[in-house]
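Visitor:
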Amino acid sequence: MIIGIRVDSQNIIYVSEYLKAHIVQWPSNETNLTAIAGNGTSGSSAELLNVSRHINFDTNGEYLYIADSGNNRIQMWHVLSNGSVPAAADVTVAGGNGADVRSNQLNGSRAVAVSYKNGAIYASDSLNHRVQRCAMNANYGVTIAGSPSGLSSTSASLLSNSTGLVLDANETHLFVCNTGNHYVQRFRFI
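Remember, this note's numbering sits 93 above the position in the sequence shown when you count from 1.
Laid out in structure tokens, this is it:
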């Protein structure tokens, strides 16, 4: 099942096949897909994925970010200029410390957005009903939408099962799929 899809500046398509525990690459002029992240076997070691969801790129298309939901983490994979991904090119940039509400943990990370201005990572922390912002090289995240304690609600200031997110072009707003409440919510950065 395909969950996430992105196209880089070279028109190479990247697809997250979450039940197959990998990300595949599909160059626009080819008919074959190539697995570039994960190997098709679910696992929790650094080079494996488990229920990979949405994917995103940094500003230069140099890094591919993967919401690795089953491992409660966001993985960053280095993508070379020719579109290939070297072995052992992955790094956990958010979560990965078990499923809980502490600031260094995620629970069901379903989506990821990347700031083009400062490189911050925004993680949809679905089962904690919040969005976490992780600065570059930080060991923890800060709750920027929803409840830091994982409280779910229909209140306009809280979330229920946040499953998708996107930053607008100016990065003044973050749009969140507030799935449990059946709407998209807009948060303005101050």
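Glycine residues also receive a C-beta, built at the ideal position from the N, C-alpha and C atoms.
Going by beta-carbon coordinates alone, are D218 and L244 separated by less than 8 Å?
Guide: No, these two residues do not count as a Cβ contact at 8 Å.
Visitor: Touching or not, the segment 117–127 and the segment 163–170, by the rule of three or more beta carbon pairs under 8 Å?
Guide: Contact fails: fewer than three Cβ-Cβ distances are below 8 Å.
Visitor: Could you spell out where the beta strand (DSSP E) holding E140 opens and where it closes?
Guide: Careful: E140 lies outside any beta strand (DSSP E) and carries neither H nor E.
Visitor: With a threshold of 16 other CB atoms inside 10 Å of the CB of R146, please say whether the residue is buried or exposed.
Guide: Buried, because 16 or more other Cβ atoms sit within 10 Å of the Cβ of R146.
Visitor: Of the residues I129, I96 and R203, which one's Cα is nearest the Cα of I105?
Guide: With distances taken between Cα atoms, I105 lies closest to I129.
Visitor: Since S253 and G273 are thought to touch, with beta carbons under 8 Å apart, how far apart are those beta carbons, to the nearest angstrom?
Guide: Right, their Cβ atoms sit about 3 Å apart.
Visitor: Helix, strand or coil for L173, going by three-state DSSP, please let me know.
Guide: Three-state DSSP puts L173 in coil, outside helix and strand.
Visitor: Pick out whichever of A231, D151, G97 and D261 has its Cα sitting closest to the Cα of V172.
Guide: The shortest Cα separation from V172 among A231, D151, G97 and D261 belongs to D151.
Visitor: With the cut-off set at 8 Å, would you say R223 and S202 are in Cβ contact?
Guide: Contact flag unset, no.
Visitor: Secondary structure at L244, three-state DSSP: helix, strand or coil?
Guide: L244 falls in the coil class under three-state DSSP.
Visitor: Helix, strand or coil: how does DSSP classify T256 here?
Guide: T256: strand per DSSP, three-state reduction.
Visitor: With DSSP as the reference, identify every bridge partner of L251, one or two as the case may be.
Guide: Looking at the DSSP assignment, L251 forms no beta bridge with any residue, so it has no partner.
Visitor: Kindly indicate if chain D contains any beta-carbon less than 8 Å away from that of N104.
Guide: In the structure shown, chain D does not exist; there is a single protein chain.
Visitor: If you draw a straight line from the C-alpha of Y158 to the C-alpha of F280, how long is it?
Guide: Cα to Cα, Y158 sits roughly 22 Å from F280.
Visitor: M229 and A213: beta carbons closer than 8 Å?
Guide: Cβ atoms of M229 and A213: closer than 8 Å.
Visitor: Got a sec? Which residues, its chain only, sit under 6 Å from Y209 by beta carbon, not counting five neighbours each side?
Guide: Excluding sequence neighbours, Y209 sits near T152.
Visitor: R99 and N149: beta carbons closer than 8 Å?
Guide: Yes, these two residues count as a Cβ contact at 8 Å.
Visitor: Helix, strand or coil, according to DSSP, for Y215 in the structure here?
Guide: If DSSP states are grouped into helix, strand and coil, Y215 belongs with the strands.
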